[in-house]
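Peer 1: The structure is given below, and queries will be raised subsequently.
Residue numbers (UniProt numbering): 1 to 672.
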């Protein structure tokens, strides 16, 4: 590359530029002539007559000469904001370092000088505005200063990137009108020839160029002037930067800062709204689309995107919340100003009349009543009431066993002597049939959501995954119960056809038929009814845990529910250290006492299973010190056991558990 820097054109056009003390002590450096010193001084101090006279009359003047700091006349004039001197110099052909002068003017915010430099013939095609100094170097000219130190600006900086960094709105606008753009960096894992070559040649410069490009893209000046939809661009860029923060961990803080800068930009745009129309334009996006029909609700595409990318400030902004509340009480505008008592009475009325309201909406969906029921508030209340009734059915289904079951596991009770016991136990009650209908309705609702949002978007929400799991377990439970009922019915049919006795208790039955007459204590572990009951219990737990989905709607319970979710994340982080310590002591204590099986006062630590039980319950203070005592006089083993057991309790109970409590407390304070 060095042979490109020392071309004949450079040797004739300007002296070798070496900055700082290096110029004065370098062997190749030559001192300036009196004429050149006078010319540089005139350019620096804005002496227009002297500069004009010397450019016109001094035929031997090298107007590209540089001072001891490596700056030529154009750079000195620009640095001191001498517009007239700059214009005089720009008229000369063969002028060097025009690119440096442009970057210098941009960095100082001299708009008129930037306009004058952009009028130079070198920018006629607009190509130079899109090339960085490093790319310009390959063109083999003096557009930038290429010497031992290179240009004073980073070699990957283009004019529009620098203007964006400096938040110079007017200059960014001028450059954009000239066709300049910031090229979006390729994906971090891109394997194209260009990225591979840059990474191989200089990985640091490659990373720095990506960072500078993203800084330009994330600037408010560039976002607001270059994009037709700045809010959408900023939201997508903030998500991309947040993702890069987790990939390029060495630049994590920089990427997170830029991501937050994009989020602050969209919040700032929302701050500037003056009326409802402007707020709707920002929240909905696509302002050029046809306006929604009379009964069609705004799509709120930007709000959904902000929720997806966790831009909380945007969603929680008063302007956004005010618009959301307006939509929330759609067709119920008077209810918003009512007291809590009136709202509670409304909810009670919907609860009592829900079946009739559902039928009315099904028959006349386009009526005034249908429009009211279609409002988000009424849909939320109806959904909450419906799910509350579903939970009530789950409780009611278990109410007959609140005071204990009528028959013990070793007893069988039938309605008549010829009835198979399992036919009675596998029959569905009326509450279970209602539960099945509710489950089918919820499955239909989930299918509609998958059809509307798409499978990929559906699984991105944790509550959807919980609903899918809950409904799947309910279906599996009812399916297993139905299979048990079918098998019991077949056994009953066999008895009705082949057993003449009225009482089947003394009849000789095949083993597969007799099995369905046995009491619960003789059922196989893989019996479908046992599996059904186990799955049903899990589904009930998941059903009640789903109440947490409604809690964030309340200002008091919402932070508690969010804190609970954050606590679960903290526990998962804590479990990594916890498991490491737990396994270390479990294996260590097992190795110490495994040889003393039967020689201890209790079986603690003699097997892996006993080691796990002893150490686990020790966390809750339910293990005894006698666990380490031997019946033999092996004091060395006992002493080591005492030490290890004591260190374990101190580490687990005093250190780790208190650390977990501190983590949970910190998370809750952040949410508050």
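For each residue, glycine too, the CB sits at the ideal point set by N, CA and C.
From a predicted model like this one, the values you see are computed outputs, not experimental measurements.
Thinking just about the alpha-carbon of each residue, which of 98, 229 and 521 is nearest to the one in residue 79?
Peer 2: 98
Peer 1: Could you give the residue range of the alpha helix (DSSP H) that holds residue 215?
Peer 2: 203-217
Peer 1: Please go through the same chain and pick out, in chain order, the residues whose beta-carbon is closer than 7 Å to the beta-carbon of residue 558, but skip the five residues on each side of it.
Peer 2: 551 and 552
Peer 1: With which residues is residue 600 paired in a DSSP beta bridge?
Peer 2: 630
Peer 1: Give me whichever residues DSSP pairs with residue 66 in a beta bridge.
Peer 2: 72
Peer 1: Do you know how far the Cα of residue 248 is from the Cα of residue 257?
Peer 2: 14 Å
Peer 1: Kindly indicate which three-state DSSP category residue 386 falls into: helix, strand or coil?
Peer 2: helix
Peer 1: Let me know the secondary structure DSSP gives residue 607 once reduced to three states.
Peer 2: Three-state result, residue 607: coil.
Peer 1: What are the boundary residues of the alpha helix (DSSP H) that includes residue 34?
Peer 2: 34-45
Peer 1: Closest to residue 473 by CA distance: which of 581, 191, 648 and 436 is it?
Peer 2: 436
Peer 1: According to DSSP, simplified to helix, strand and coil, what is residue 193?
Peer 2: helix
Peer 1: If residue 237 and residue 182 are in contact, beta carbons under 8 Å, what's the gap, nearest whole angstrom?
Peer 2: That belief does not hold up - the Cβ atoms of residue 237 and residue 182 are roughly 11 Å apart, past 8 Å.
Peer 1: Checking 8 Å against the spacing of the C-beta atoms, do residue 212 and residue 157 come in under that value?
Peer 2: yes
Peer 1: Taking the CB atoms as reference points, tell me whether residue 317 and residue 272 lie closer together than 8 Å.
Peer 2: no
Peer 1: For residue 519, name the three-state secondary structure that DSSP assigns.
Peer 2: coil
Peer 1: Among residues of its own chain, excluding the 5 on either side of residue 360, which ones have a beta-carbon nearer than 7 Å to its beta-carbon?
Peer 2: 369
Peer 1: If you draw a straight line from the alpha carbon of residue 372 to that of residue 347, how long is it in whole angstroms?
Peer 2: 13 Å
Peer 1: Can you grab the Cα-Cα spacing for the pair residue 612 / residue 455, in whole Å?
Peer 2: Approximately 41 Å between the Cα atoms of the pair.
Peer 1: Do you know whose CA, among 439, 239 and 235, lies nearest residue 470's CA?
Peer 2: 439
Peer 1: Put residue 375 into one of helix, strand or coil per three-state DSSP.
Peer 2: coil
Peer 1: 8 Å is my cut-off, CB to CB: does residue 514 come that close to chain D?
Peer 2: Here chain D cannot be found, since the structure has a single protein chain.
Peer 1: Here's the rule: buried if 16 or more other CB atoms are within 10 angstroms of the residue's CB, otherwise exposed. What is residue 600?
Peer 2: By the neighbour-count rule (16 or more Cβ atoms within 10 Å), residue 600 is buried.
Peer 1: For residue 91, which of helix, strand or coil comes out of DSSP?
Peer 2: coil
Peer 1: Does residue 193 pass the burial test, meaning 16 or more other C-beta atoms within 10 Å, or should it be called exposed?
Peer 2: exposed
Peer 1: What first and last residue would you give for the alpha helix (DSSP H) that runs through residue 540?
Peer 2: 528-545
Peer 1: What's the call for residue 513, buried or exposed, on a 16-neighbour Cβ count within 10 Å?
Peer 2: buried
Peer 1: Spatial neighbours of residue 327 within its chain, please: CB distance less than 6 Å, with the 5 preceding and 5 following residues excluded, ordered by chain position.
Peer 2: If you ignore the 5 residues before and after residue 327, its C-beta comes within less than 6 Å of no other C-beta in its own chain.
Peer 1: Distance check for residue 597 and residue 634, CA to CA, integer angstroms please.
Peer 2: 14 Å
Peer 1: Check each candidate in 622, 242 and 564 and name the one with the smallest Cα separation from residue 667.
Peer 2: 564
Peer 1: So residue 567 is in the alpha helix (DSSP H); what residue range does that whole segment cover?
Peer 2: 557-593
Peer 1: For residue 259 versus residue 241, is the C-beta spacing smaller than 8 Å?
Peer 2: yes
Peer 1: Report the residue from 648, 616, 621 and 604 whose alpha carbon sits nearest the alpha carbon of residue 629.
Peer 2: 604
Peer 1: Closest by CA to residue 614, which one among 595, 590 and 636?
Peer 2: 590
Peer 1: Can you say whether residue 413 is buried or exposed, counting buried as having 16 or more other CB atoms within 10 angstroms of its CB?
Peer 2: exposed
Peer 1: Would you check whether the ligand ATP has a heavy atom nearer than 7 Å to the C-beta of residue 593?
Peer 2: This structure lacks the ligand ATP, and indeed carries no ligand of any kind.
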